[in-house]
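Those protein sequences? They're chains A and B, same order as listed.
Numbering follows the working numbering, with no gaps: position 62 of the first sequence is 1557.
Numbering follows the working numbering, with no gaps: position 79 of the second sequence is 218.
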Amino acid sequence: MLLSQFLILSAALFALGIYGLLVRRNIVLILLSVELMLNAVNINLIAFESVIRSSDGVGQVFAIFVITVAAAEVGIGLAIVLMIFRNRKSANVDDLSLLRW
Amino acid sequence: MTVGDWVSQPINWVFLVVAILVVVSAFRVVTAKNLVHAALFLVATLGGTAVLFLMLSAEFVAWVLVLVYIGAVIVLFLFGIMITRAPTGRDEGLDAERKVWPAFLSIATFVLLAWASVDAFGGDIVNELGEATSTELLAKSLLGRFVIPFEVVSFVLLAALIGGITIARRDLDPAEEEQRRAV
Chain A
1496 MLLSQFLILS
1506 AALFALGIYG
1516 LLVRRNIVLI
1526 LLSVELMLNA
1536 VNINLIAFES
1546 VIRSSDGVGQ
1556 VFAIFVITVA
1566 AAEVGIGLAI
1576 VLMIFRNRKS
1586 ANVDDLSLLR
1596 W
Chain B
140 MTVGDWVSQP
150 INWVFLVVAI
160 LVVVSAFRVV
170 TAKNLVHAAL
180 FLVATLGGTA
190 VLFLMLSAEF
200 VAWVLVLVYI
210 GAVIVLFLFG
220 IMITRAPTGR
230 DEGLDAERKV
240 WPAFLSIATF
250 VLLAWASVDA
260 FGGDIVNELG
270 EATSTELLAK
280 SLLGRFVIPF
290 EVVSFVLLAA
300 LIGGITIARR
310 DLDPAEEEQR
320 RAV
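Take a look at the structure:
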């Protein structure tokens, strides 16, 4: 297996994440797109680790950190979505124009 | 490595099948008209990623991905979809009207990243299903060299937990609070 095949796959996932982030209007779907991008980063870390084969598994340790931070991000993100929904009765980013001039 | 060499290895066919599954379901995540379907397609993407991790001999991370992402994060997403009372059927209003520039930007990002990675690492070869990284090694590394980041990340999780509860909790009316205190 070539290293670059994994890198191209993760580039595709990252690009799809960017597309979803820009096109989606529902906040929950925007968070899903962010998850796609974080997943692309994880694929890169694991692929590089299996080439370098470091003595202490740095790439895999960092992938675990990324997964942990992503879990925390989803928790906080959905709590904020819940609060916004309770106050504005909508989970649509286009409706959040309070700070717009 | 020529194209013929690449095709002749069975493991590359496995990779191809899994990669197509991952990319197609990721595409459906960002284009599905149904919120619940988008969340469930993310499960397929993450499952495929876990298979890729197994192929790259990262067993522990693959199962962490399955447990934490598919087991916990997706459930959280489904809760979020249900609580925000999003329309669970087809909904045409999920996307913005203008899609040309986002599509252009994402294709440009893909071309740039793919070209850069092929240019820099085109010839590197991944170990073919080598010996799996042992969980023991990861544990020694996490609690040895990376013990401080490990503690920081556990603190981040605790802060996120408390913050999530504080943000999402409904404040009671003063009268309601009085009533509770009386009981």
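Glycine included, each C-beta is placed from N, C-alpha and C at the ideal position.
At the C-beta level, Ala-1558 of chain A and Leu-1540 of chain A come within 8 Å of one another.
The Cβ atoms of Ala-242 of chain B and Tyr-1514 of chain A lie closer than 8 Å to each other. Sequence-distant partners of Ile-1525 of chain A (beyond 5 residues in either direction) whose C-beta falls short of 8 Å from its own C-beta, in its chain, are Gly-1515, Leu-1516, Arg-1519 and Val-1588. Assignment of Leu-1498 of chain A by DSSP, reduced to helix, strand and coil, places it in the helix class. Here the C-alpha atom of Met-1496 of chain A lies approximately 22 Å from the C-alpha atom of Leu-251 of chain B. Under DSSP, Ile-264 of chain B forms a beta bridge with A:Leu-1497. Chain A has no Cβ within less than 8 Å of the Cβ of Thr-141 of chain B. Residue pairing by DSSP puts Asn-1587 of chain A in a beta bridge opposite A:Asn-1521. By the criterion of at least three beta-carbon pairs nearer than 8 Å, the segment 1506 to 1513 of chain A is in contact with the segment 1528 to 1543 of chain A. Your pair Leu-174 of chain B and Asp-1551 of chain A does not check out as a contact, with CB atoms roughly 41 Å apart and the cut at 8 Å.
With a beta-carbon spacing of about 5 Å, Ile-1522 of chain A and Ala-1586 of chain A fall inside the 8 Å limit used to define contacts. The Cβ atoms of Leu-1498 of chain A and Ile-264 of chain B sit closer than 8 Å to each other. The segment 216 to 223 of chain B makes contact with the segment 166 to 185 of chain B; the number of CB pairs closer than 8 Å reaches 3 or more. Residue ranges of uninterrupted alpha helix (DSSP H) with 4 or more members, entirely inside the segment 1508 to 1562 of chain A and ordered along the chain, are 1522 to 1547. Chain A places no beta carbon closer than 8 Å to that of Lys-172 of chain B, leaving this residue out of the contacts. In the three-state DSSP reduction, Asp-144 of chain B falls in the helix class (H, G or I).
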